Ligand code: F6R
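In the working numbering, the protein residues as written are 4 to 263.
So this is what it looks like as structure tokens:
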């Protein structure tokens, strides 16, 4: 059963689902609807995509729709939020590997339409590379939809606490909590990169539609701060409170501290 609850008037875009599966399926449906609508109009769908545990079931559902319902990704142009720096594309912990494995290899997206920050540039090429990434998004008319997870410190993309709300795509130092959470994938803290390239907060908030998905009890504290707390750079995701195009999609566990 799908439950929806409006926590306060500002949050009429908040939906709480009984399970992570239902929340993920709803998110996938929203993405599919956009792709189909753009197909009908003869346009491309410009998607901003996330990695991590949160979107995995969303991508599974999109793959299912592709295989069993004929959903085509031929009109999709994708831009991923972030990538570790430095990391090789072939590294199983790279977000390029993640995206190929969890989505792109299983759908009919054109390879030339896939954009993920590549971190094979030298440190003095990075600023130019980041500006190119930013301009590439603009050249497509901006992101039609941005899918977001949220870090336990409130980051979106890798915009760590302290990131300016007008920041654009850039190299960033990863926060200790972000690196700690990445041990799960890298096996040891020493293996976790110290830096990443991330879209900026300003890049993200320009998206015409933003879906923030949060699953599980471990996200409940930060969800409370991000949705109900003060809007300040120490919780980067708090800026989303000010945006009309944001939809928060939570499972019951992530919403436990904001349920009435
Ligand atoms: C990933 C990203 C991050 C994650 C966040 C949550 O591309 O931009 O902001 O969305 O760290 O990660 P998970 O989903 O693994 O809890």
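Don't be surprised by glycine CBs; every beta carbon is placed ideally from N, CA and C. Note that the structure is a prediction, hence the values are computed from the model and not measured.
- Straight-line spacing of the CA atoms in residue 77 and residue 41 works out to 11 Å.
- Assignment of residue 181 by DSSP, reduced to helix, strand and coil, places it in the helix class.
- Under the DSSP assignment, residue 135 falls in the alpha helix (DSSP H) whose first and last residues are 129–142.
- Distances from the CB of residue 56 to the heavy atoms of the ligand F6R include at least one below 6 Å.
- Residue 151 carries a strand assignment under DSSP once its states are collapsed to helix, strand and coil.
- Taking the Cβ of residue 158 as the reference point, at least one heavy atom of the ligand F6R falls within a distance shorter than 6 Å.
- For residue 92, the Cβ stays outside the 6 Å cut-off from all heavy atoms of the ligand F6R.
- For residue 209, no alpha helix (DSSP H) segment is defined, and its DSSP state is neither H nor E.
- DSSP, reduced to helix, strand and coil, places residue 258 outside both helices and strands of the structure shown, so it counts as coil.
- With a minimum length of 3 residues, the unbroken runs of beta strand (DSSP E) contained wholly in the stretch 38–106 fall at 48–52, 79–83 and 85–88.
- Only residues of its own chain outside the window of five on either side were considered, and among them 210, 211, 212 and 213 have a CB closer than 8 Å to the CB of residue 248, listed in chain order.
- Between the beta-carbon of residue 206 and that of residue 137 there is about 6 Å, and that keeps the pair under the 8 Å contact cut.
- Using a Cβ-Cβ distance cut-off of 8 Å, the stretch 87–107 and the stretch 46–64 are in contact, since at least three pairs of beta carbons, one from each stretch, lie closer than that value.
- Secondary structure of residue 199 (DSSP, three-state): strand.
- By the Cβ criterion, the stretch 226–246 is not in contact with the stretch 190–198, since fewer than three pairs of Cβ atoms, one from each stretch, lie closer than 8 Å.
- Around the beta-carbon of residue 126, fewer than 16 other beta-carbon atoms lie within 10 Å, marking it exposed.
- Exclusion of residue 199 from the 6 Å shell around the ligand F6R follows from its C-beta lying no nearer than that to any non-hydrogen atom of the ligand.
- If you look at residue 17, you'll find it in the beta strand (DSSP E) that goes 17–20.
- In the structure shown, residue 193 adopts helical secondary structure according to DSSP, grouped into three states.
- For residue 175, the enclosing beta strand (DSSP E) starts and ends at 173–176.
- Residue pairing by DSSP places residue 250 opposite 214 in a beta bridge.
- The residue from 97, 113 and 25 with its alpha-carbon nearest to that of residue 218 is 25.
- Contact check for residue 91 against residue 50 fails: the beta carbons are separated by 7 Å or more.
- Under the DSSP definition of a beta bridge, residue 158 lacks any partner.
- CA-to-CA, the gap between residue 22 and residue 256 works out to about 8 Å.
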